[in-house]
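S.K.: Before we start, here is the structure in question, set down as structure tokens.
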Amino acid sequence: MAVFMDLNLMFSADRTRISKLLETAAHLGFSTVAINYMFEPTLPLQEIPVPKPINELIDQLPVVQGRSRPIRVLNRLTVVVSDPSHYRPNAPEYRRFDLLAVQPTSEKLFHAACMLYDIDIICISVTEKLPFFFKRAPINGAIDRGVMFEVSYSAAIRDSTMRRYTIANAASLTDSCKGKNVILSSAAEKALELRGPYDITNLGLLFGLSDGDAKEAVSSTCRAALLHAETRKTASGIVYTARSQQEAPSDPPEGQFWCRSELSIRVSDKNVTSTCAGDTPAAKRVKTT
Amino acid sequence: MVRVKSRYLLCEVNVSESRDLLLLDDRAVAGAVRSAVARMHGDYGAALCSIRLSVKYLNVHNGMVFLRFPKSCYQLLWSALPFITNIESRGQQIPCFLNCLHVGGTIRTCQKFLIRYNTQQLQRILPKCKNAAEKDQVCQEILNCLPTRGSKPTYEGGSEFEDERE
Chain Z
19 MAVFMDLNLM FSADRTRISK LLETAAHLGF STVAINYMFE PTLPLQEIPV
69 PKPINELIDQ LPVVQGRSRP IRVLNRLTVV VSDPSHYRPN APEYRRFDLL
119 AVQPTSEKLF HAACMLYDID IICISVTEKL PFFFKRAPIN GAIDRGVMFE
169 VSYSAAIRDS TMRRYTIANA ASLTDSCKGK NVILSSAAEK ALELRGPYDI
219 TNLGLLFGLS DGDAKEAVSS TCRAALLHAE TRKTASGIVY TARSQQEAPS
269 DPPEGQFWCR SELSIRVSDK NVTSTCAGDT PAAKRVKTT
Chain G
737 MVRVKSRYLL CEVNVSESRD LLLLDDRAVA GAVRSAVARM HGDYGAALCS
787 IRLSVKYLNV HNGMVFLRFP KSCYQLLWSA LPFITNIESR GQQIPCFLNC
837 LHVGGTIRTC QKFLIRYNTQ QLQRILPKCK NAAEKDQVCQ EILNCLPTRG
887 SKPTYEGGSE FEDERE
């Protein structure tokens, strides 16, 4: 059984607000949530935000409704791209986040985001009329690469004109992608803007999703997005490199570099025999290459 | 036997402050649903609402609501429920949202679900008990809930759950 996820809770510096959001999400039955940090390069004096560790935000994670586990909290970065230079591939700042999303504002950037950028989620803007039409080619490319499209609904709850834009944009998206790879998330700033998973599923019907697609949009498609994010961090989900703490005295930069070189070899060879680069000692690792 | 079919939605009214719930009444909830449907679906929705929409049950202690919709159009009417942001009751605006927990074809299945759900809630508050007396009381309540034989007044679990939380 798939668990419900909400991959977009807006970050705010207010601790009580975040903890209230998390508690409500757990009460509604979301097993996994992602705290979203927005990054708009066009605004002056902006730097890529650094995710706060979750234990600084909340003392004790609430237990999910109907399960005995505490809620799982991830970090996510959304970059609003209005110029190709705004998205920097392989920026080290991006690696701190579990999920990476972009919100393209023009057709060219949407095309690039679908076909080229190494991201997990493409946000569809819901607060304005869409400045371009969705074309089948980039959307099919994105579906092939496993990139998800995200529609958030809390703007629709706040305001009547936003509701029109949300429904219009979401309907035109579902027309072109035929309901595949769509995720529905809240983008809630306050706890009262969250909705239960079954309500969201039914809301999906307004956006033109079918019953099954709408249910997947809050459960298994979100899980696919998370798995896609993991493959972005690792090489095809097989090789995983981590800086080990014990080896710190003996030249760590070289060791790190070596890990990277192996990683690139594995990817280029498409050699999918499982190797574990993380925990073998350095001497052994040299032999295996 | 042919009967008029309906869908019963078991919803939970979520508010930020639990004392606001005591202000709610049936008519306020029905009015909020009607106005939300009219806002979302226009005259057509309002017309569908006027057929058989009713609030069958409302527990002001924990905010449980049974809504009855005609079966033919319940999805359309349900899709308006997320857009309820506040309920006007006794001249006050209560900011809240409705969270649908269960959709049933009869009141009876909804009631069964509600009893199970309330038992679950008791189990959830068990670790939060501060002293042994409270804990015993909650345990006793859980045991009382388990055999749902009908001899017990059925919604009691819900109201006592609220007393525990105070």
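Chains as they are written, first to last, in our numbering: chain Z, 19 to 307; chain G, 737 to 902.
Note that the Cβ used here is the ideal one computed from N, Cα and C, for glycine as well.
For clarity, every value in this text was computed on a predicted model and none was experimentally measured.
Counting Cβ pairs, one atom from each stretch, are 3 or more of them under 8 Å apart for the region 867-882 of chain G and the region 778-798 of chain G?
M.R.: Contact fails: fewer than three Cβ-Cβ distances are below 8 Å.
S.K.: Between which two residues does the beta strand (DSSP E) carrying aspartate 54 of chain Z extend?
M.R.: By 1-based counting over the first sequence, the position of residue 54 of chain Z is 36. For the sequence presented, residue 54 of chain Z should be read as asparagine rather than aspartate. 48-57 is the span of the beta strand (DSSP E), which, as asked, contains asparagine 54 of chain Z.
S.K.: Counting contacts by CB-CB distance shorter than 7 Å, is isoleucine 283 of chain Z in contact with chain G?
M.R.: Sequence index remark: in the first sequence, residue 283 of chain Z carries index 265 (1-based). For isoleucine 283 of chain Z, the pLDDT reaches just 41, beneath the cut-off of 50, and the residue's location in the model is therefore unreliable, leaving the point undetermined.
S.K.: So, helix, strand or coil for tyrosine 780 of chain G, using DSSP?
M.R.: Residue 780 of chain G sits at position 44 when you count from the first residue of the second sequence. Note: tyrosine 780 of chain G maps to helix in three-state DSSP.
S.K.: Using a Cβ-Cβ distance under 7 Å, would cysteine 836 of chain G count as near chain Z?
M.R.: Counting from 1 along the second sequence, the entry for residue 836 of chain G is found at position 100. Yes, cysteine 836 of chain G lies at the interface with chain Z (some Cβ there is under 7 Å from its Cβ).
S.K.: Spatial neighbours of serine 808 of chain G within its chain, please: CB distance less than 6 Å, with the 5 preceding and 5 following residues excluded, ordered by chain position.
M.R.: Position 72 of the second sequence, counted from the first residue, corresponds to residue 808 of chain G. Correct list: empty, nothing qualifies.
S.K.: Using a Cβ cut-off of 8 Å, pull out every chain G residue sitting near arginine 2 of chain Z, in sequence order please.
M.R.: In this structure chain Z extends from 19 to 307, so residue 2 of chain Z is not present and cannot be described.
S.K.: Could you tell me the alpha carbon to alpha carbon distance between tyrosine 762 of chain G and phenylalanine 150 of chain Z, rounded to whole angstroms?
M.R.: As a position in the second sequence, residue 762 of chain G is number 26, starting the count at 1. As a position in the first sequence, residue 150 of chain Z is number 132, starting the count at 1. In the sequence under discussion, the amino acid at residue 762 of chain G is aspartate, which differs from the tyrosine named in the question. Distance between the alpha carbons of aspartate 762 of chain G and phenylalanine 150 of chain Z is about 46 Å.
S.K.: Give me the residue from Z:Asp77, Z:Ser228, Z:Ser86 and Z:Ala130 with the minimum Cα distance to serine 103 of chain Z.
M.R.: Reading the first sequence from its first residue, position 85 is the one you call residue 103 of chain Z. For the residues Z:Asp77, Z:Ser228, Z:Ser86 and Z:Ala130, the minimum Cα distance to serine 103 of chain Z belongs to Z:Ala130.
S.K.: Any C-beta of chain G within less than 9 Å: which residues of the region 100-115 of chain Z qualify?
M.R.: The region 100-115 of chain Z vs chain G, Cβ under 9 Å: nothing.
S.K.: Kindly indicate the opening and closing residues of the beta strand (DSSP E) around threonine 842 of chain G.
M.R.: Taking the first residue of the second sequence as 1, we reach residue 842 of chain G at position 106. Run containing threonine 842 of chain G: none; DSSP gives neither H nor E here.
S.K.: When the Cβ atoms of the region 87-106 of chain Z are set against those of the region 52-71 of chain Z, are three or more pairs found closer than 8 Å?
M.R.: Because the criterion of three Cβ pairs below 8 Å is met, the region 87-106 of chain Z and the region 52-71 of chain Z touch.
S.K.: Can you tell me the Cα-Cα spacing of leucine 223 of chain Z and glutamine 873 of chain G, whole angstroms?
M.R.: Here the question's residue 223 of chain Z lines up with position 205 in the first sequence. Here the question's residue 873 of chain G lines up with position 137 in the second sequence. Taking the straight line from one Cα to the other gives about 44 Å.
S.K.: Looking at chain Z, is there any beta carbon in it that lies within less than 7 Å of the beta carbon of serine 815 of chain G?
M.R.: Here the question's residue 815 of chain G lines up with position 79 in the second sequence. Chain Z, which has a Cβ nearer than 7 Å to the Cβ of serine 815 of chain G, makes this yes.
S.K.: Hey, does tyrosine 326 of chain Z have any beta-carbon neighbour from chain G nearer than 7 Å?
M.R.: Given a span of 19 to 307 for chain Z in the structure shown, any question on residue 326 of chain Z remains unanswerable.
S.K.: Which of the three DSSP states, helix, strand or coil, is assigned to cysteine 809 of chain G?
M.R.: As a working mapping, residue 809 of chain G is identified with position 73 in the second sequence. The answer is helix: DSSP assigns cysteine 809 of chain G an H, G or I state.
S.K.: State the Cα-Cα distance for the pair histidine 777 of chain G and isoleucine 851 of chain G, rounded to the nearest angstrom.
M.R.: The count along the second sequence starts at 1 and reaches residue 777 of chain G at position 41. The count along the second sequence starts at 1 and reaches residue 851 of chain G at position 115. Between histidine 777 of chain G and isoleucine 851 of chain G, the C-alpha separation is close to 33 Å.
S.K.: Once DSSP output is grouped into helix, strand and coil, what is the label at phenylalanine 29 of chain Z?
M.R.: Translated into the one-based positions of the first sequence, residue 29 of chain Z becomes position 11. If DSSP states are grouped into helix, strand and coil, phenylalanine 29 of chain Z belongs with coil.
S.K.: Examine chain G for any beta-carbon lying closer than 7 Å to the beta-carbon of asparagine 220 of chain Z, and answer yes or no.
M.R.: Along the first sequence, read from residue 1 onward, the residue named residue 220 of chain Z stands at position 202. So yes, asparagine 220 of chain Z belongs to the interface.
S.K.: By Cβ distance, which residues of its chain are closer than 8 Å to arginine 176 of chain Z, with the 5 residues on each side in sequence left out?
M.R.: Position 158 of the first sequence, counted from the first residue, corresponds to residue 176 of chain Z. Hits under 8 Å: Glu211.
S.K.: Secondary structure at proline 225 of chain Z, three-state DSSP: helix, strand or coil?
M.R.: Position 207 of the first sequence, counted from the start, is the residue given in the question as residue 225 of chain Z. Residue 225 of chain Z is actually phenylalanine in this sequence, not proline. Phenylalanine 225 of chain Z falls in the coil class under three-state DSSP.
S.K.: Bridge partners for asparagine 199 of chain Z per DSSP, in chain order?
M.R.: Against the first sequence, residue 199 of chain Z aligns to sequence position 181. For asparagine 199 of chain Z, which the question treats as bridged, DSSP gives no partner whatsoever.
S.K.: What residues in the region 765-782 of chain G bring their beta carbon closer than 9 Å to a beta carbon of chain Z?
M.R.: Of all residues in the region 765-782 of chain G, Arg775 and Met776 have a Cβ within less than 9 Å of some Cβ in chain Z.
S.K.: Tell whether a beta-carbon distance below 7 Å holds between alanine 209 of chain Z and leucine 92 of chain Z.
M.R.: Residue 209 of chain Z sits at position 191 when you count from the first residue of the first sequence. Residue 92 of chain Z sits at position 74 when you count from the first residue of the first sequence. Cβ distance not < 7 Å, so alanine 209 of chain Z and leucine 92 of chain Z don't count as in contact.
S.K.: So, helix, strand or coil for glutamine 83 of chain Z, using DSSP?
M.R.: Against the first sequence, residue 83 of chain Z aligns to sequence position 65. It is coil, neither helix nor strand.
S.K.: Using C-beta distances below 8 Å, list every residue in its chain close to proline 107 of chain Z, excluding the 5 sequence neighbours before and after it, in chain order.
M.R.: Mapped onto the first sequence, residue 107 of chain Z falls at position 89. Hits under 8 Å: Tyr135 and Asp136.
S.K.: Would you check if the distance between the CB atom of serine 203 of chain Z and the CB atom of aspartate 24 of chain Z is smaller than 7 Å?
M.R.: Counting from 1 along the first sequence, the entry for residue 203 of chain Z is found at position 185. Counting from 1 along the first sequence, the entry for residue 24 of chain Z is found at position 6. In this structure, aspartate 24 of chain Z lies closer than 7 Å to serine 203 of chain Z by Cβ.
S.K.: Does the beta carbon of isoleucine 36 of chain Z come closer than 7 Å to any beta carbon on chain G?
M.R.: Working through the first sequence from its first residue, we reach residue 36 of chain Z at position 18. No, no contact with chain G.
S.K.: Which residue wins for smallest C-alpha separation from serine 771 of chain G, given the options G:Leu879, G:Arg826, G:Asn822 and G:Gln811?
M.R.: Numbered from its first residue, the second sequence carries residue 771 of chain G at position 35. Here the closest residue by C-alpha is G:Asn822.
S.K.: Could you tell me which of G:Val740, G:Met737, G:Tyr744 and G:Cys875 sits nearest to glutamine 847 of chain G, measuring between CA atoms?
M.R.: Residue numbering aside, residue 847 of chain G sits at position 111 when the second sequence is read from its first letter. It is G:Tyr744.
S.K.: Which chain G residues sit within Cβ distance under 9 Å of aspartate 43 of chain Z?
M.R.: Along the first sequence, one-based indexing puts residue 43 of chain Z at 25. The sequence shown places alanine at residue 43 of chain Z, rather than the aspartate named in the question. Those do not exist, as alanine 43 of chain Z stays about 11 Å from chain G at its closest Cβ, beyond 9 Å.
S.K.: Under 8 Å Cβ-Cβ, which residues of chain Z neighbour arginine 860 of chain G?
M.R.: Along the second sequence, read from residue 1 onward, the residue named residue 860 of chain G stands at position 124. Val81 and Gln83, listed in chain order.
S.K.: Give the range of the alpha helix (DSSP H) segment to which glutamate 248 of chain Z is assigned.
M.R.: For the purposes of this step, residue 248 of chain Z is identified with residue 230 of the first sequence, where counting begins at 1. Where glutamate 248 of chain Z is concerned, the enclosing alpha helix (DSSP H) stretches over 238-251.
S.K.: Against chain A, which members of the region 175-204 of chain Z pass a CB distance test of less than 7 Å?
M.R.: Structure shown: chain A not included; protein chains present are Z and G.
S.K.: Examine chain G for any beta-carbon lying closer than 7 Å to the beta-carbon of leucine 227 of chain Z, and answer yes or no.
M.R.: Counting from one through the first sequence, the residue named residue 227 of chain Z turns up at place 209. Answer no: the Cβ-Cβ gap between leucine 227 of chain Z and chain G never drops below 7 Å.
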